[in-house]
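The next block holds one structure in the form of structure tokens; read it before the comments.
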Amino acid sequence: MPTITLPDGSQRDYSNAVSIYDVALDIGPGLAKAALGGHIDGVLCDASTLIESDAQLAIVTSRDEDGLHLIRHSTAHLMAQAVKQLYPEAQVTIGPVIEDGFYYDFSYERPFTPDDLDAIEKRMGELAKKAIPIERSEIGRDDAVAFFDGLSEDYKAEIIRDIPADEILSLYKQDDFTDLCRGPHVPNTGHLGHFKLMKLAGAYWRGDSDNAMLQRIYGTAWASKKDLKAYLHRLEEAEKRDHRKIGKQLDLFHLQEEAPGMVFWHADGWTIYQAVEQYMRERQKEQGYKEIRTPQLVDMSLWEKSGHADKFGDDMFAVSTDDRKFALKPMNCPCHVQVFNQGLRSYRELPLRLAEFGSCHRNELSGALHGIMRVRGFVQDDGHIFCTEQQIQEECATFIDFLHSVYDDFGFTEVIYRLSTRPANRVGSDESWDKSEKALADALDAKGLDWQELPGEGAFYGPKIEFSLKDCIGRVWQCGTMQVDFSMPGRLDANFVDANGERQAPVMLHRAILGSFERFIGILIENHEGKMPLWLAPTQVRIINITDKQQDYCKNLEKTLSDQGLRAHSDLRNEKIGLKIREATLGRVPYMLVIGDKEIESGKVSVRTRDASELGPMDLDTLVSGLKLEIASRGRDPLED
RNA sequence: GCCCAUAUAGCUCAGGGGUAGAGCACUUCCUUGGUAAGGAAGAGGUCAUCGGUUCAAUUCCGAUUAUGGGCUCCA
3 MPTITLPDGS
13 QRDYSNAVSI
23 YDVALDIGPG
33 LAKAALGGHI
43 DGVLCDASTL
53 IESDAQLAIV
63 TSRDEDGLHL
73 IRHSTAHLMA
83 QAVKQLYPEA
93 QVTIGPVIED
103 GFYYDFSYER
113 PFTPDDLDAI
123 EKRMGELAKK
133 AIPIERSEIG
143 RDDAVAFFDG
153 LSEDYKAEII
163 RDIPADEILS
173 LYKQDDFTDL
183 CRGPHVPNTG
193 HLGHFKLMKL
203 AGAYWRGDSD
213 NAMLQRIYGT
223 AWASKKDLKA
233 YLHRLEEAEK
243 RDHRKIGKQL
253 DLFHLQEEAP
263 GMVFWHADGW
273 TIYQAVEQYM
283 RERQKEQGYK
293 EIRTPQLVDM
303 SLWEKSGHAD
313 KFGDDMFAVS
323 TDDRKFALKP
333 MNCPCHVQVF
343 NQGLRSYREL
353 PLRLAEFGSC
363 HRNELSGALH
373 GIMRVRGFVQ
383 DDGHIFCTEQ
393 QIQEECATFI
403 DFLHSVYDDF
413 GFTEVIYRLS
423 TRPANRVGSD
433 ESWDKSEKAL
443 ADALDAKGLD
453 WQELPGEGAF
463 YGPKIEFSLK
473 DCIGRVWQCG
483 TMQVDFSMPG
493 RLDANFVDAN
503 GERQAPVMLH
513 RAILGSFERF
523 IGILIENHEG
533 KMPLWLAPTQ
543 VRIINITDKQ
553 QDYCKNLEKT
563 LSDQGLRAHS
573 DLRNEKIGLK
583 IREATLGRVP
593 YMLVIGDKEI
603 ESGKVSVRTR
613 DASELGPMDL
623 DTLVSGLKLE
633 IASRGRDPLE
643 D
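Be aware that the first sequence starts at 3, since it is given in our numbering, and climbs by one per residue.
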């Protein structure tokens with residue numbers, strides 16, 4: 003006699019066990035048709051799940067987030083079914099739901115081609131149209147192993163062998179295809195249909211590069227055709243923000259074959275770079291950092307002592323001359339310790355904050371390179387804080403505030419926080435790792451931040467907080483970092499004299515806000531779609547004449563604005579105003595000043611923005627002070643207001 | 001590094017076993033035009049590199065390099 007309570011508080015009594023579908027049907031045929039599953043006492047279940055005792059029930063349809071999850075998961079199965087029908091020799095492995103869609107990994111004797119993808123998608127459509135019921139059944143572990151061995155599904159059988167023998171597993175069957183799956187799934191394939199297979203990729207079995215390479219097919223799936231279309235449109239729009247594309251369009255930088263993973267900065271890109279650097283320099287100074295500069299080429303013996311040669315060696319560029327072996331620095335930390343080590347330090351000097359815009363080189367795997375986001379030569383806004391154990395907490399807290407204020411100035415609001423803990427390959431005692439990890443976790447908690455732990459992802463010398471930002475298509479990039487290190491100072495003989503006259507090793511905090519200029523500027527470009535805030539724009543003001551008669555006036559105006567510290571350039575070409583406006587707009591120049599006879603006569607300038615707002619005629623003084631305010635406020639007080 | 005794909009003019013891209021084409025950009029000339037493309041003419045390519053097949057390769061095949069999408073790894 004189950005009594006079922008619905009989300010609105012209403013209750014329904016039944017004389018026998020009922021399925022979620024039955025309850026939905028009882029409420030209305032429309033709901034029954036739309037029901038994909040339901041939450042029974044908060045647990046997501048198939049629509050066919052029987053409810054035998056009193057329960058809270060929330061029916062899930064495609065309008066719910068969980069409904070979308072069911073659709074994506076079931077679409078992954080639908081794809082596996084289609085693949086098995088078309089290529090019976092292919093073996094299935096796993097097929098989870100991911101953001102916006104799903105993937106499924108297959109093992110097959112030959113690579114899938116784009117034509118195969120079309121065929122699979124077509125077959126999926128046919129199977130969906132048939133509205134094949136998806137049925138759940140349960141099976142013991144050993145029987146499951148025998149079942150998949152019988153199908154020659156070696157990977158599935160391997161997964162199941164790792165599951166405890168006494169566990170009951172669930173199978174989902176749709177026609178001729180049966181998959182091991184925890185579920186739940188939609189009731190039948192008729193609920194699927196708004197999907198598209200997106201791309202083919204390789205992926206290691208169980209994510210281990212020592213294992214076989216499988217073929218992964220990525221797909222996207224939505225509740226409606228409209229949602230699918232909107233998603234595809236969003237992707238198209240996002241691709242226009244790609245920093246590689248914009249970098250070329252705006253002539254900011256380039257990369258070329260002779261220097262893979264190293265950026266050639268062009269004049270406009272370098273202007274942005276310098277604006278960012280100058281900003282960071284000022285902010286760091288204000289935060290009590292001392293800026294230093296250390297060599298890029300350092301004898302290998304230092305890297306051996308620091309542990310980098312051992313743990314990081316494959317990634318280092320070695321340079322041999324005569325009988326000495328040097329390496330391009332992959333990190334700045336050992337060099338900063340050398341600066342700390344000059345002279346005898348007192349506890350009174352701590353915390354000592356050293357900062358460097360440090361040029362680093364890492365011989366990254368060729369497949370890891372990505373535009374200017376992941377390169378082989380890059381400059382970190384690196385800093386190391388030498389302090390006592392007691393000072394860690396406060397330094398971390400101050401740093402996190404500093405980082406937030408910087409990100410805010412650049413226009414970033416969404417930051418992802420992660421704590422990466424001890425990796426297998428590491429230096430230092432477990433005790434110091436315990437202390438370091440706790441210090442960072444405490445710092446995040448003290449700020450009330452929502453963070454996620456990444457076990458085993460820390461640097462070899464210490465755990466790290468990662469502050470990450472997203473690119474235009476949602477890929478997450480680590481930018482800022484804060485790392486507590488109890489081991490490097492000891493390895494490199496750093497010490498200070500404490501209040502008792504004893505020598506002690508300091509704690510070293512490794513920290514960066516941008517991470518690297520290259521990556522950060524890449525993200526900046528994508529975030530702003532190339533429309534850099536005025537304070538960062540390579541050209542802030544473009545002066546456009548209407549006819550040759552205003553040339554001299556424009557040149558004078560350009561000089562006046564430049565003298566005021568503005569990046570102003572004139573476009574005096576013998577072209578029509580429309581063309582010059584168009585090019586300045588496409589070039590994302592924030593402000594255009596149009597100068598014709600009228601302006602010369604009135605002594606005002608006509609102002610237009612890259613977003614096509616006409617600000618009308620303005621006094622030059624008003625314009626200059628307005629621009630200066632917009633720059634100083636980092637865009638918070640725009641000229642337009 | 002691994003899997004798949006790609007590499008043709010400065011850029012975006014067509015093309016195809018008999019040594020190449022468009023649009024934009026560029027140069028010159030005409031045009032002096034008031035807020036997103038004025039007109040005409042011209043110039044521009046060892047078809048990524050190295051090999052192989054072929055009478056003939058930019059085109060087919062292989063290798064290399066780079067790039068793109070992933071995986072693994074990382075700021």
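Even for Gly, the Cβ is constructed at its ideal location relative to N, Cα and C.
Closest by CA to Ala461, which one among His512, Gly195, Lys472, Ala501? His512
Using the rule of at least 16 other Cβ atoms within 10 Å of the residue's Cβ for burial, across every protein chain shown, is Phe359 buried or exposed? buried
Please list the terminal residues of the continuous beta strand (DSSP E) segment that includes His406. It is not in any beta strand (DSSP E) - His406 instead sits in the alpha helix (DSSP H) that spans 394–412.
Of the residues Gly589, Ile96, Gly271, the one placed nearest Ala254, counting alpha carbons only: Residue identity check: residue 254 is Leu in the sequence provided, not Ala. Of the candidates Gly589, Ile96, Gly271, the one whose C-alpha sits nearest the C-alpha of Leu254 is Gly271.
Taking the alpha-carbon positions, what's the Val408 to Ala261 distance? 31 Å
Supposed close pair Arg610, Arg590 - CB separation, criterion 8 Å: The Cβ separation is near 13 Å, so there is no contact.
Tell me the DSSP bridge mates of Cys362? Phe380
Tell me which same chain residues have a C-beta within less than 6 Å of the C-beta of Leu72, skipping the five on either side of it? Leu38, Gly39, Val188
Using 10 angstroms around the beta-carbon of Phe314, count the other beta-carbons present and answer buried if the total reaches 16, otherwise exposed. buried
Helix, strand or coil, according to DSSP, for Trp267 in the structure here? strand
Measuring straight from C-alpha to C-alpha, what distance separates Gly385 and Thr483? 10 Å
Helix or strand or just coil, what does DSSP make of Gly69? helix
Report buried or exposed for Glu439, applying the criterion of at least 16 other Cβ atoms within 10 angstroms of its Cβ. buried
Can you check DSSP and say which residues form a bridge with Trp453? Tyr419
By the 10 Å Cβ neighbour count, where 16 or more other Cβ atoms means buried, how is Leu46 classified, buried or exposed? buried
When the Cα of Ser368 is compared with those of Ser470, Thr77, Asp317, which residue comes out closest? Asp317
Start-to-end residues for the beta strand (DSSP E) that takes in Gly492: Taken as a continuous stretch (DSSP letters only), Gly492 belongs to no beta strand (DSSP E), being part of the alpha helix (DSSP H) at 490–493.
Distance, Cα to Cα, Asp56 vs Ser470? 45 Å
Integer Cβ distance of Phe319 from Val300, believed to fall under 8 Å: Rounded, the Cβ-Cβ distance is 12 Å, inconsistent with contact.
Going by beta-carbon coordinates alone, are Leu622 and Leu559 separated by less than 9 Å? yes
Going along the chain, which residues of its own chain have a beta-carbon closer than 8 Å to the beta-carbon of Leu371, five neighbours each way excluded? Pro262, Gly263, Val377, Arg378
Quick check for students: name the residue ranges of the alpha helix (DSSP H) that lie wholly in the stretch 269–306, counting only runs of 4 or more. 269–288
Going by DSSP, what residues sit across from Gly652 in a beta bridge? In the structure displayed, the chain extends from 3 to 643; residue 652 sits before or after that span and is not available.
Burial state of Val147 (16 or more Cβ within 10 Å): buried
Which two residues bound the contiguous alpha helix (DSSP H) that contains Asn547? Not the alpha helix (DSSP H): Asn547 falls in the beta strand (DSSP E), residues 543–547.
Residues bridged to Thr115 [DSSP beta-bridge criterion]: Partner(s): none; Thr115 has no beta bridge.
Tell me, please, which residues DSSP counts as bridged to Trp435. DSSP, once it has assigned bridges, lists no residue as partnering Trp435.
In this structure, what does DSSP give as the bridge partners for Lys646? One cannot answer for residue 646 here, as it falls past the ends of the chain, which runs 3 to 643.
Which runs of the alpha helix (DSSP H) spanning at least 4 residues fall entirely within the stretch 576–621, listed in chain order? 579–588, 599–604
Give me the Cα-Cα distance between Met302 and Ala357, rounded to the nearest whole angstrom. 23 Å
May I ask you to report which of helix, strand or coil DSSP gives Ala225? coil
Touching by the beta-carbon criterion (3+ pairs, under 8 Å), the stretch 110–126 and the stretch 163–179: no
What does a CB cutoff of less than 8 Å around Met375 pick up in its chain, not counting 5 residues either side in sequence? His245, Asp473, Trp479, Glu520, Arg521, Gly524, Ile525
By the three-class DSSP mapping on this structure, what secondary structure does Trp537 have? coil
Looking at C-beta atoms only, is the number of pairs between the stretch 103–111 and the stretch 177–193 that lie closer than 8 Å three or more? no
Cβ-based neighbour list, Thr7, same chain, cut-off 6 Å, excluding 5 preceding and 5 following: Gln13, Gln58
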